[in-house]
Structure formats: structure tokens, C-alpha cells
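Participant: Take this structure first; my questions come after.
Residue numbers (the UniProt record's numbering): 1 to 514.
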């Protein structure tokens, strides 16, 4: 195949590398929704760029191919793929016209074995990130690739974790290929081997620890990343399932040695935020204080899980649901995951609680129309003055919030500090997804974590496996309405032209008689 491409080098993102002879052996050789390499039994962590629902519902097994290519030159990478497509005896399928062959594994109903390829390519420089979406579109439209895995330079990967690059700060709403970023160091020992075509790659982001009450841990950022919109587009869904969902929140505060001092609350402290897009002279102080106030709103209004009856003690240990799945035995953390030395893990939010008021509060904070009526502001207003008005409107005791703020400010701030924090993170039933979410994938992930799907979830999934959601149905109705309006305008134009022609003919006939 030449020096440019080696079909013998591959890797798997959230994939289990299984020698072909190992497939189907043992009682449960498959990993739980993370990259695991067998027989070494190593797990590898990474960042999802796009996650199709197929990989939540099924464990997908594929063969792989590694491209020796310079990703700075996207055309050369595409030409390389086209060369591979022309090889008739390639060990996995890249040609769209051949189609995909899928069969279900004999012993596990949720395993799909496909003949399509997982493509692996190395990426070294941040300027190359702009090529990722174009390459994803090419693979989806012109190949049958199962997934795309980028093996990132370590510095590039670490920077992406801490400060997501603008070129990847996009929510993908259309169908595309599964795409995953992994750090170079996590797989360096496998890159030097030359027999990757003898492995099977398992790609799976589903749940083995399903439960009757689903628990969510969500990371919030009031800076430039705007990931608070999760509580905006998920508001109705979460409130509809408030008896079946519990959640806790975590805010990100960064250490100031990597942040522009302008975005630090106190210059000699570690209380810094990501650069906001809505800058003004007081925004840093307002963001920092608002994060603490928001935590106080949550703490004061959250009630216990399992129907949320009665409040929970702030220091009480989490209660296990009587119907929840048993806690799995501890396993070694995946490569590239975990907390670096010196990083604080937030402890200010107890488990198994739900706050309806917090969801309403966050929505009110960033609802410009609502703020304009209540706070007389035409833009996002995180000030205490506006916050007090919103709390009064929602019926949250203002005196208690202020008391909580003064008492817990520094304790909460210290718990927020992160040396490494991927802002687009959600944890569901203990499983972390590093992924920029949209409404569709958020609902599908949460619903998939239920042991038995509630009716709200079943109704959402009724549109089909690959994403005909209620949101899309509504958009289709809007598209049909726009089409009917356009059709009416066209018919009106044709009718007007016809009437004009008939009137002209009639007038000509009258003039002829005269």
C-alpha cells in the first residue's frame, strides 16, 4: 500500500481493541462505554466532536485503518482515502457503493459487527482543527467509514480540554460520522506496532448502569462558552421528568497562571473565568459572584431525589435508590482522564437532588426579554440588583440567598477551582461525556440511561432511531408552512398575471368593436 498508508495501524475511540480470536470469548469482555484495549485491558479517554445515536444504542465493532498523512493538507488526506477506496481486497470497507454489512453478535444482542472502517489520522497543529468538519462531511458523504479518530498532539489536546478552540466551538445538528479526539501519549505504545488490522474496535457510548431515577452532573460556565443554554433548551424536558431525574451542578473557575489577568476577580487569587463575549467593566466580578449566588439558589431550593419529597441535609451522604442498579466495582481510571495533581473536586452539591427554581432562575438570568421587563436591561445582566428582582419574582427567599453567599463565598470558590476542566461535559449515572451537547443528543443520552424509558422519552424516540425528534417535527411543520405560503404567493402571481391578460384581451376586443 506504499509508505503513505498503513492499513495495519489503527486505534479505537471509546473502542475496545479485541484480537479477532478473542471476539465472543468470556462472560463479559466488553468495556462500559469507553476505549478499552485488550488484552492489555487499558482504557483511553477522549473528546467527542460528534456522537450519532447508533453508538449509544449499540456496541459497534469495526476494523480500522491508519492514514499516514499531513492533516494540514486536507486535499492530500482525501486523495489518500480515495486511493484506499480503490483497493479491492482492503480488510475493511470504505466504498459507499458497496454498502455496509452488519450482523448481530451471537451472544450479545446489542453488539453490531460491521465491515466498515474506523479511520485514524494524526493531527499536530491547532490550525489544522479548521479542517475537521470538512473532513467529517467528506467521509459521511463519500465513504462508508464507521468513525473518525484524531490522534492529537499532547499540547493540542490539553489546550482543547482547558480552552476549547473556536474552530471546534460548533454544535453539529446534521447527520455526520462519529468523531473522537484522543491524546498521543495515551496510545503511543500501540502506534509503534504493526498489526492493527488484527484487532476489532468497539465503539460504544451507551449505559450498563441504567436506573429508574437518572442522576446528572452538569458543568456550567457563565463566561464565553454559554453552556448554560443546556438548562434553556432542556427546561421543559427536565421539568416534565422532575420525579425521575436528579442533578447537581458544578461551575468552572480557572487558575490565573493560564488566564489573562483581566478576567481574574482578584489579581492575587485563583478566581478567574473564561473570557466572556459580553465584556463590560464589571463583568468578571458579576460572573464570579453570580456563580456563587446560583449555587446558593440551588442549595436552598433543591429537594431530595426519588420523588424529591422533603429537603436533604446539605452535608448528608447521598441516598441509594432502592431500585437503582448496584454500584459497579471500582476500575482503573482511563488514560487521559482523572484530576491532575492539585486540582480540587467540587464538593458543594449533594447527590440525588432536583431544583425546579434553579432551572427557572438560570433561564431568567439569560432571557433578554424577561430581563428587559424586570431589570430594564437590553443585554445579559448578571448584577446583584437584577438577580434580586428575579429571585423575588420566583419566590426564592432573598435574605437566605444573601446569607448563603456571605457565609460560603470562599469555600464555594475554592471548590470550583480547576487546573483542567473541559467545559462541555455532562455526567449521567456516573459516566462522563466530553461533548458539546444539543437538545437532541442530550435527550437521547438521558433517556438511554433509564432502565425503563418513561413515556416522555418513548414519545421522543417515536420518530425513529436516527433522529426524527419532536424538535425536527416542529421544524418540518414550519418548513411546510413556509412552503404553503410560498405556493400561495406563486399561485397569486399566476392568477394575477392571468387576470391581467384576460382583462387586456377583453379591452382589446371592446376597442376592436368600436
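Virtual Cβ for every residue (Gly too), placed ideally from N, Cα, C.
By DSSP, does residue 355 sit in helix, in strand, or in coil?
Facilitator: Locating residue 355 in the chain shown gives position 355, counting from the first residue. Of the three classes helix, strand and coil, the one that applies to residue 355 here is coil, per DSSP.
Participant: Going by CA-CA distance only, name the one from 126, 111 and 219 that's closest to residue 201.
Facilitator: For the purposes of this step, residue 201 is taken as the residue at position 201 of the chain shown. It is 111 whose Cα lies nearest to the Cα of residue 201.
Participant: Pull up the distance between the alpha-carbon of residue 210 and that of residue 449, whole angstroms please.
Facilitator: As a working mapping, residue 210 is identified with position 210 in the chain shown. As a working mapping, residue 449 is identified with position 449 in the chain shown. If you draw a straight line from the Cα of residue 210 to the Cα of residue 449, it comes to about 5 Å.
Participant: Given 8 Å as the limit, is there contact between the segment 68-75 and the segment 120-129, that is, 3 or more CB pairs closer than that?
Facilitator: yes
Participant: Looking at the secondary structure, which residues open and close the alpha helix (DSSP H) in which residue 411 lies?
Facilitator: If you number the chain shown from 1, residue 411 lands on position 411. Residue 411 -> alpha helix (DSSP H) spans 398-416.
Participant: Mind checking whether residue 384 and residue 289 have CB atoms under 8 Å apart?
Facilitator: Here the question's residue 384 lines up with position 384 in the chain shown. Here the question's residue 289 lines up with position 289 in the chain shown. Taking 8 Å as the Cβ cut-off, residue 384 and residue 289 qualify as a contacting pair.
Participant: What is the DSSP secondary structure of residue 88, reduced to helix, strand or coil?
Facilitator: Looking up residue 88 in the chain shown gives position 88. Residue 88: coil per DSSP, three-state reduction.
Participant: Round the Cβ separation of residue 96 and residue 144 to the nearest angstrom and send it over; I've been treating them as touching at under 8 Å.
Facilitator: Indexing the chain shown from 1 puts residue 96 at position 96. Indexing the chain shown from 1 puts residue 144 at position 144. Correct: roughly 5 Å between the Cβ atoms.
Participant: Can you find the residues in the same chain that come closer than 7 Å, C-beta to C-beta, to residue 235, ignoring five residues on each side of it along the sequence?
Facilitator: Sequence index remark: in the chain shown, residue 235 carries index 235 (1-based). Correct list, in chain order: 359 and 363.
Participant: Would you mind reading off the limits of the alpha helix (DSSP H) that contains residue 50?
Facilitator: Position 50 of the chain shown, counted from the start, is the residue given in the question as residue 50. Premise fails: residue 50 lies in the beta strand (DSSP E), 47-50, not in any alpha helix (DSSP H).
Participant: For a test of the three-state rule: what should DSSP assign to residue 67, helix, strand or coil?
Facilitator: Position 67 of the chain shown holds residue 67. Note: residue 67 maps to strand in three-state DSSP.
Participant: Return helix, strand or coil for residue 181, following the three-state DSSP convention.
Facilitator: Residue 181 sits at position 181 when you count from the first residue of the chain shown. Reduced to three states, the DSSP call for residue 181 is strand.
Participant: What does DSSP give as the partner residue(s) for residue 100 in the beta ladder?
Facilitator: One-based indexing of the chain shown puts residue 100 at position 100. DSSP, once it has assigned bridges, lists no residue as partnering residue 100.
Participant: Roughly how many whole angstroms lie between the Cα atoms of residue 398 and residue 43?
Facilitator: As a working mapping, residue 398 is identified with position 398 in the chain shown. As a working mapping, residue 43 is identified with position 43 in the chain shown. Just so you know, the alpha carbons of residue 398 and residue 43 end up roughly 47 Å apart.
Participant: Checking 8 Å against the spacing of the C-beta atoms, do residue 204 and residue 433 come in under that value?
Facilitator: Sequence index remark: in the chain shown, residue 204 carries index 204 (1-based). Sequence index remark: in the chain shown, residue 433 carries index 433 (1-based). No, the Cβ-Cβ distance between residue 204 and residue 433 is not below 8 Å.
Participant: Can you tell me the Cα-Cα spacing of residue 451 and residue 51, whole angstroms?
Facilitator: The residue labelled residue 451 in the question sits at position 451 within the chain shown. The residue labelled residue 51 in the question sits at position 51 within the chain shown. The straight-line gap from Cα to Cα measures roughly 21 Å.
Participant: Evaluate residue 188 with the Cβ neighbour count: other Cβ atoms within 10 Å of its Cβ, from every protein chain shown; 16 or more gives buried, anything less gives exposed.
Facilitator: Translated into positions along the chain shown, residue 188 becomes position 188. Exposed: under 16 other Cβ atoms inside 10 Å.
Participant: On the three-pair Cβ rule with 8 Å, is the segment 284-304 touching the segment 400-417?
Facilitator: yes
Participant: Can you tell me the Cα-Cα spacing of residue 355 and residue 243, whole angstroms?
Facilitator: Translated into the one-based positions of the chain shown, residue 355 becomes position 355. Translated into the one-based positions of the chain shown, residue 243 becomes position 243. Those two C-alpha atoms are separated by around 11 Å.
Participant: Under 8 Å, do residue 156 and residue 148 count as touching if we go by C-beta distance?
Facilitator: One-based indexing of the chain shown puts residue 156 at position 156. One-based indexing of the chain shown puts residue 148 at position 148. Not in contact: residue 156 and residue 148 (Cβ atoms no closer than 8 Å).
Participant: When the Cα atoms are used, what is the spatial distance from residue 233 to residue 411?
Facilitator: Within the chain shown, residue 233 is the residue found at index 233, counting from 1. Within the chain shown, residue 411 is the residue found at index 411, counting from 1. Spanning the two alpha carbons is a distance of roughly 31 Å.
Participant: Whole beta strand (DSSP E) runs in the segment 426-467 with 3 or more residues, listed along the chain?
Facilitator: For the segment 426-467, whole beta strand (DSSP E) runs of length 3 or above, ordered along the chain, are 431-434.
Participant: Please tell me whether residue 177 and residue 46 are closer than 8 Å, where the distance is taken between their beta carbons.
Facilitator: Counting from 1 along the chain shown, the entry for residue 177 is found at position 177. Counting from 1 along the chain shown, the entry for residue 46 is found at position 46. It is not a contact, given that the beta carbons lie outside the stated cut-off.
Participant: Could you check if residue 30 is buried or exposed, using at least 16 other CB atoms within 10 Å of its CB as the buried criterion?
Facilitator: Here residue 30 corresponds to residue number 30 of the chain shown, with the count starting at 1. Reliability of the predicted coordinates at residue 30 is poor, the pLDDT of 37 falling under 50, and no value is obtained from them.
Participant: Residue 203 bridges to which residues according to DSSP?
Facilitator: Counting from 1 along the chain shown, the entry for residue 203 is found at position 203. 60, per the DSSP bridge assignment.
Participant: How is the beta strand (DSSP E) around residue 248 delimited, first residue to last?
Facilitator: By one-based count along the chain shown, residue 248 stands at place 248. Start and end: 245-251.
Participant: By the 10 Å Cβ neighbour count, where 16 or more other Cβ atoms means buried, how is residue 382 classified, buried or exposed?
Facilitator: Sequence index remark: in the chain shown, residue 382 carries index 382 (1-based). Looking at its Cβ environment, which holds 16 or more other Cβ atoms inside 10 Å, residue 382 is buried.
Participant: According to DSSP, is residue 297 part of a helix, a strand, or is it coil?
Facilitator: Here residue 297 corresponds to residue number 297 of the chain shown, with the count starting at 1. Here residue 297 sits in helix by DSSP.
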